[in-house]
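Everything in the sequence shown is counted per our numbering, starting at 1291 for the first residue and increasing by one.
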Amino acid sequence: MEIFVVPTAPATGSVAAGILAAVIRSKPSTVLGVATGGSPLPIYKALAGHRLDMTLIRAFALDEYVGLPAGHPESYAEVVRREVTERLHLGPANVAVPDGSAADPERAAADYEAAIAGAGGIDVQILGIGHNGHLAFNEPGSALDSRTRVEMLTERTRQANARYFTSPSDVPLRCITQGLGTILEARHLLLVVNGADKAGILADALNGPVTPDCPASVLQLHPHVTVVADEAAAAQLP
Ligand code: F6R
């Protein structure tokens, strides 16, 4: 595992984008795994500045809320469209997000898992970490070998994400998330972490026991993990 500690959140974006740019230059048909939330936004902004040819890039989002109407501005489909597809000039048909408005979300989850496999798997998966150690929406208790599926969001995660919605009660109760086993199959995991509020959970994930109580601890099982953290988030690392 390689760990880069940089002074600020924007710097995490620059360093992570530099890593991604090198991968994309060496493989123009890279399959990217993209995260939403606040942590990766500096990456997408910085990566846009590299002005790479992205025509062959495919991307898969980590997760999606279940039950938001199609086109809802806080659906991850819309967030990915704004922050990733448009910013990086990806082909819209090359970008996939789990279908959270499907009549059969379980089926949509299984189809998504198959689509990732059909694309040959993910080359580089961008990740953030939740305050409770969640990875994608794999909340504490998720099996370490779990696959893409429908899950309930914890109240803690719903509260953390309420900042994006008009009212906390508008945050959906369910999601479709790539599983921890699915994420571990990506060939390179790139975790970006910002802020003092993540320092304790980052230390637990990287140095504590590997346990479903801290889903991000599965990172310790992967042979190629890069962590980019700002100084505040890295404060409790050895
Ligand atoms: C987002 C996702 C989540 C976030 C995590 C951290 O697609 O899967 O696991 O990465 O909740 O969110 P931020 O970066 O907003 O603190």
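For each residue, glycine too, the CB sits at the ideal point set by N, CA and C.
Fair warning: this is a prediction, and the values are worked out from it, not measured in the lab.
Reference P1462, options A1476, L1470, T1447, I1473, closest by Cα: To locate residue 1462, count along the sequence shown from 1; it is residue 172. Nearest C-alpha to P1462: T1447.
So what's Q1449 in DSSP terms, helix, strand or just coil? By 1-based counting over the sequence shown, the position of residue 1449 is 159. Q1449: helix per DSSP, three-state reduction.
Give, in chain order, every unbroken run of the alpha helix (DSSP H) that is at least 4 residues long and sits entirely within the region 1376 to 1429. 1395 to 1408
Report yes if the CB atom of H1421 is closer than 7 angstroms to the CB atom of I1491, and no otherwise. For the purposes of this step, residue 1421 is taken as residue 131 along the sequence shown, with counting starting at 1. For the purposes of this step, residue 1491 is taken as residue 201 along the sequence shown, with counting starting at 1. Yes. Within cutoff.
Among E1364, I1314, A1360, which has the Cα closest to the Cα of T1456? Sequence index remark: in the sequence shown, residue 1456 carries index 166 (1-based). Out of E1364, I1314, A1360, E1364 has the C-alpha closest to the C-alpha of T1456.
For ligand 1, which residues have a Cβ under 5 angstroms from at least one heavy atom, in chain order? A1325, T1326, G1327, G1328, S1329, L1352, D1353, G1418, G1420, A1426
By alpha-carbon positions, which one of K1488, E1376, V1387 ends up nearest to A1525? Here residue 1525 corresponds to residue number 235 of the sequence shown, with the count starting at 1. When each option's Cα is compared against that of A1525, the closest is K1488.
Hey, could you find the ends of the alpha helix (DSSP H) I1293 is sitting in? Counting from 1 along the sequence shown, the entry for residue 1293 is found at position 3. Not the alpha helix (DSSP H): I1293 falls in the beta strand (DSSP E), residues 1292 to 1296.
I think F1427 touches E1441, with their Cβ atoms under 8 angstroms apart; what is that distance to the nearest whole Å? Counted from its first residue, the sequence shown places residue 1427 at position 137. Counted from its first residue, the sequence shown places residue 1441 at position 151. The pair is a contact, with the Cβ atoms about 6 angstroms apart (cut-off 8 angstroms).
Can you tell me whether S1319 is buried or exposed? The criterion is at least 16 other CB atoms within 10 Å of its CB, across all chains shown. Here residue 1319 corresponds to residue number 29 of the sequence shown, with the count starting at 1. S1319 comes out exposed.
In three-state DSSP terms, what is L1322? Taking the sequence shown and counting its residues from 1, one reaches residue 1322 at position 32. Of the three classes helix, strand and coil, the one that applies to L1322 here is strand, per DSSP.
Have a look at A1450, Y1366, A1522, L1417 and flag the residue whose alpha-carbon is nearest the alpha-carbon of P1505. Position 215 of the sequence shown, counting from 1, holds the residue named residue 1505. Minimum Cα distance to P1505 is reached at L1417.
Of all the options D1503, L1352, S1459, which has the alpha carbon lying nearest to the alpha carbon of A1325? To locate residue 1325, count along the sequence shown from 1; it is residue 35. It is L1352 whose Cα lies nearest to the Cα of A1325.
Measuring CA to CA, which of P1297, I1347, L1511 is closest to K1317? Reading the sequence shown from its first residue, position 27 is the one you call residue 1317. Closest option to K1317, Cα to Cα, is I1347.
D1413: buried (16+ other C-beta within 10 angstroms of its C-beta) or exposed? Working through the sequence shown from its first residue, we reach residue 1413 at position 123. Buried.
Ignore the nearest five residues each way along the sequence and tell me which others in G1431's own chain have a CB closer than 7 angstroms to its CB. Looking up residue 1431 in the sequence shown gives position 141. Counting only Cβ-Cβ distances below 7 angstroms, and skipping sequence neighbours, we find P1502.
Does the Cβ of H1514 have 16 or more other Cβ atoms within 10 Å, making it buried, or fewer, making it exposed? For this step, residue 1514 is matched to residue 224 along the sequence shown. Exposed, because fewer than 16 other Cβ atoms sit within 10 Å of the Cβ of H1514.
State the Cα-Cα distance for the pair V1517 and G1390, rounded to the nearest angstrom. Stepping through the sequence shown from its first residue, residue 1517 is reached at position 227. Stepping through the sequence shown from its first residue, residue 1390 is reached at position 100. Those two C-alpha atoms are separated by around 29 angstroms.
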